[in-house]
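*Asks:* There's a structure below that I have some questions on.
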Amino acid sequence: MPTGAARSRILKTAKIKITTKCNRSCDFCIFADGAQGENMPQEMFSTVLDRLDTIPFQQLHINGGEPTVHRAFPELSRLARTRLPDKVMVLGTNAITLARNHRLMDTTLECYDQVLIGCDDEHGNYEQVHATVPILRAAGKTVVVNSVLEGISDHRLSQLADLCAAYGAIHVTNHVHHIDVGQPPNDLGGLCARYLDQHLMVELDGSCYRCFNAMAKDDSEFNIYDSDFAAKVFAPRCAHYRFCGKCHEYTDSGSPVIPLRVPESATAA
Ligand code: SF4
Ligand code: SF4
C-alpha cells in the first residue's frame, strides 16, 4: 500500500513496455526494434507488478513495441488482471495480430477494458482495424483509434472517422512526439504539465520515466528496483527530459525547473 506523501497523490497511468519487438517498422517510431527487439521476461514483469502495487494509480497500460507479439502475452495479461484487479487495463496495439489470431483476441477480450490502436499509413493496418473494432466494441470495450496526422490522407482519415462513428469507438489524431521533424525547438520554461502526477512508464530494463511518451536510453530518473521507488515516483522534479525540447505536447505548468533550458543539441530522443 502507498505510504507517506504518496498516499494523497495518484497517478493516472502506469505503462509497462513488455517488448521492443514489433511486426511493423513505422518510420516515426522510437519505441520498437522490429524482429530484433527483446521481450520482458515473465519474472521481471511479475516484479514490476509487485512494485506498481506499492503506488497509487488508476490505469495499467500494456505497451511495446507491439505487446501482442510477446510470446507470453496471454500469461502476462492474465497475471496483471489477477494481481491488480481494481485497475483499468489498457492495451496499446496496432491490431494486426488481433485480426488474425483468435487466441490473442480472446485474451484481449478477457483481460482488457480499453484498447488503443494506432492507425495510419505507417502502421499499414487499415484492414485489420476495420476487422477488429466491431469485435472489440461488441464486447463492450472502449476503443480509441489514434492517427498521426503526418502519416495519413484525408480520405483514410474520414474512413476511420466513419468506422469509429458507426461502432461507437473514439477517433483521435495526434502529431509525431518528440522527434526532430524540422519543427523549431520548444521554448522550455517550467515543468511540462504532463510531468505532474500523470504518467509513469517502465522500460524493458526497469528504468522509469514520468512521461507517457518519453524514451532515451540514458535519461531515466530512477529504476523500478530502487528501494525508494514509491517515493521517487512522487518526488519533485528538477529538470526537463532531453527530448522535451522537440515534443509537441510540451505545456508549461508554471512549476519551476532547474536548469531552465535543455541544450538544443540534446533535444532529439
Ligand atoms: S506499430 Fe507501433 S510499436 Fe510498431 S513500429 Fe509502428 S508505432 Fe512502433
Ligand atoms: S514535453 Fe513531451 S516528452 Fe517532455 S514530459 Fe512533456 S509530454 Fe513528455
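Quick note on numbering: the sequence shown equals residues 234 to 502 in the numbering used here. Virtual Cβ for every residue (Gly too), placed ideally from N, Cα, C.
Which residue marks the beginning of the alpha helix (DSSP H) containing Gln416, and which one marks its end?
*Replies:* Looking at the DSSP string, Gln416 is not in any alpha helix (DSSP H), and its letter there is neither H nor E.
*Asks:* On the criterion of 16 or more Cβ atoms from any shown chain inside 10 Å, does Lys245 qualify as buried, or is it exposed?
*Replies:* By the neighbour-count rule (16 or more Cβ atoms within 10 Å), Lys245 is not buried but exposed.
*Asks:* CB Cys425 to CB Cys344, shorter than 8 Å?
*Replies:* No, Cβ-Cβ distance for Cys425 and Cys344 is not below 8 Å.
*Asks:* Taking the straight line between their C-alpha atoms, what separation do you get for Ala394 and His408?
*Replies:* So the two alpha carbons sit approximately 17 Å from each other.
*Asks:* I need the DSSP call for His335, collapsed to helix, strand or coil.
*Replies:* Here His335 sits in helix by DSSP.
*Asks:* Got a sec: does ligand 4 put a non-hydrogen atom nearer than 7 Å to the Cβ of Ala265?
*Replies:* Here the bound small molecules are ligand 1 and ligand 2; ligand 4 is not part of this structure.
*Asks:* Considering only the beta carbon of each residue, do Leu437 and Lys250 sit closer than 8 Å?
*Replies:* Yes.
*Asks:* State buried or exposed for Cys352, treating a residue as buried only when at least 16 other CB atoms are found within 10 Å of its CB.
*Replies:* The residue in question, Cys352, is buried, as its Cβ has 16 or more Cβ neighbours within 10 Å.
*Asks:* Does the distance between the C-beta of Tyr400 and the nearest non-hydrogen atom of ligand 2 fall short of 7 Å?
*Replies:* No, ligand 2 has no heavy atom inside 7 Å of this Cβ.
*Asks:* Taking the C-alpha atoms as reference points, what is the distance between Gly373 and Asp451?
*Replies:* Each residue's Cα considered, the two are about 40 Å apart.
*Asks:* Comparing alpha-carbon positions, which option in Gln292, Asn358, Asn256, Glu454 lies nearest Arg475?
*Replies:* Among Gln292, Asn358, Asn256, Glu454, the Cα nearest to that of Arg475 belongs to Glu454.
*Asks:* Taking the alpha carbon of Val490 as the point to measure from, which residue in Asn446, Gly422, Leu433 has its own alpha carbon closest?
*Replies:* Of the listed residues, the one whose Cα sits closest to Val490 is Gly422.
*Asks:* Using only the alpha-carbon positions, how far apart do Phe278 and Leu309 sit?
*Replies:* Cα to Cα, Phe278 sits roughly 7 Å from Leu309.
*Asks:* Looking at the secondary structure, which residues open and close the beta strand (DSSP E) in which Gln292 lies?
*Replies:* Taken as a continuous stretch (DSSP letters only), the beta strand (DSSP E) holding Gln292 covers 290 to 296.
*Asks:* Where do the N-terminal and C-terminal ends of the beta strand (DSSP E) with Tyr359 fall, by residue?
*Replies:* Looking at the DSSP string, Tyr359 is not in any beta strand (DSSP E); the run it does join, the alpha helix (DSSP H), is 359 to 371.
*Asks:* Answer yes or no: do Thr326 and Asn256 have a C-beta to C-beta separation smaller than 8 Å?
*Replies:* The answer is no: Cβ separation not under 8 Å.
*Asks:* Rounded to the nearest angstrom, how far is the Cβ of Asp354 from that of Ile385, given a contact under 8 Å?
*Replies:* At roughly 6 Å, the Cβ-Cβ gap stays under 8 Å, so Asp354 and Ile385 are in contact.
*Asks:* By a C-beta neighbour count over all protein chains shown, 10 Å radius and 16 as the cutoff for buried, is Leu382 buried or exposed?
*Replies:* With fewer than 16 other Cβ atoms within 10 Å, it is exposed.
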